[in-house]
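Here is the structure we will look at, set down as structure tokens.
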Amino acid sequence: MNNHNFLEKLARLIRYYIIISTIEAGSGHPTSSLSATDLMTGLLFGGIFRFDPENPGNPNNDRLIFSKGHASPLLYSLWVAAGNVSEEELMTLRKFGSPLEGHPTMSFKYTEAATGSLGQGLSIGLGMALNAKYIDKLPYRTYVLLGDSEMSEGSQWEAIQIAAYYKLNNLIGIIDVNRLGQRGETMYGHNLQAYKKRISSFGWETILIDGHNFIDILRAYKKALKSTEKPVMIIARTIKGKGISMLEDKNGWHGKPPGKYELQNILFQLGDVDKNINIVINNN
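Residue numbers 1 to 284, in the working numbering, belong to the letters of the sequence shown in order.
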């Protein structure tokens, strides 16, 4: 099995975990998680992300911030797939006393920053990248997953300006451009060129990709790692609800999981999943 086929198979498993956990919880944001699944699967399991799961506090670990914190089912499902969180624990999503909260908090050991209020993650990542490059002089990179709706927040553009000024080539943003926000289409919809034009004007390197094509995804990450003076923004065209045909690109499914009675139909749409995939995260 080549790497791309492996990642596609793994992404299907992660989508399975997203669906069963949010249906069990009766709340959450499955469609926002599904759109970014391929982007995050490629990052964590495509040999890009350097992280020691047995030592999440290692100062040399790469950082991953979910600025779109409502996609927490994806964050938790990634670590279930990695074998560091049990499926049983995943099913406590959004329950009282569970560290798997509706938005990531520091009670979950693989959370780098508590998020949820949109527009904050890139500024937090900016601080981490500044620390790595100029203060502690550490080799880690900081990755920030952003939603397209939150690109309307002024704080994002302040962070974009400052990151370019300090030439933070160790900061990589990933915009999940799935077109749909909570109440309808986002400001730019699927117009990736609009994002590129604005972000490039601040001095960032920008890479436009199909956010569901693993060849595109891995090529973009590898290109981002070669940047010497500029922060990098990967701008990915995605489909909200990707992988489940009844949810794909449909308005009205934000923050709303399907009902339990729909589970069998959804699993049929998803296809076969393999829970016995051998997975290793790059810890070098």
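Ideal Cβ placement from N, Cα and C applies to all residues, glycine included.
Asked: Buried or exposed for P30, going by 16 or more other Cβ atoms inside 10 Å?; Found: buried
Asked: Kindly list the residues whose CB is nearer than 6 Å to the CB of G102, restricted to its own chain and excluding five residues on each side of it in sequence; keep chain order.; Found: R94
Asked: Excluding the five sequence neighbours on either side, which residues of its own chain have a C-beta within less than 7 Å of the C-beta of G271, listed in chain order?; Found: R12
Asked: Alpha carbon to alpha carbon, how far is M91 from R50?; Found: 27 Å
Asked: Taking its Cβ as the centre, do 16 or more other Cβ atoms sit within 10 Å of M1, making it buried, or is it exposed?; Found: Model confidence at M1 stands at a pLDDT of 46, short of 50, so the residue's coordinates are unreliable and nothing is read from them.
Asked: Grab me the residues of Y288's own chain with a C-beta within less than 6 Å of its C-beta, minus the 5 sequence neighbours each way, in chain order.; Found: What is shown of the chain runs 1 to 284, which leaves residue 288 out entirely.
Asked: Among K137, S152, N61, P139, which one has its Cα closest to the Cα of L122?; Found: S152
Asked: Taking the DSSP output, what are the residues bridged to E205?; Found: V232
Asked: Pop quiz: S318 and H254 are said to be a contact at Cβ under 8 Å. What is the actual Cβ separation, rounded to whole angstroms?; Found: No answer is possible for residue 318: it lies beyond the span of the chain, which begins at 1 and ends at 284.
Asked: In three-state terms, what does DSSP make of V144?; Found: strand
Asked: Please give the ranges of any alpha helix (DSSP H) in the stretch 67-151, keeping only runs that are unbroken, at least 4 residues long and fully inside the region.; Found: 72-81, 87-90, 121-130
Asked: Short check: CB of L44 to CB of A82, under 9 Å?; Found: yes
Asked: Can you pull the DSSP bridge partners for G173?; Found: V144, M233
Asked: Starting from H4, trace the alpha helix (DSSP H) both ways and give me its first and last residue.; Found: 3-25
Asked: Compare the Cα-Cα distances from R179 to each of N55, T111, S35 and report the closest residue.; Found: S35
Asked: Return yes when the Cβ of E8 is within less than 9 Å of the Cβ of F214, no when it is not.; Found: yes
Asked: From E87 to V273, what distance separates their C-alpha atoms?; Found: 14 Å
Asked: Using 9 Å as the threshold, is the C-beta distance between I174 and L39 below it?; Found: yes
Asked: In the DSSP assignment, find the unbroken alpha helix (DSSP H) run with E158 in it and report its ends.; Found: 154-165
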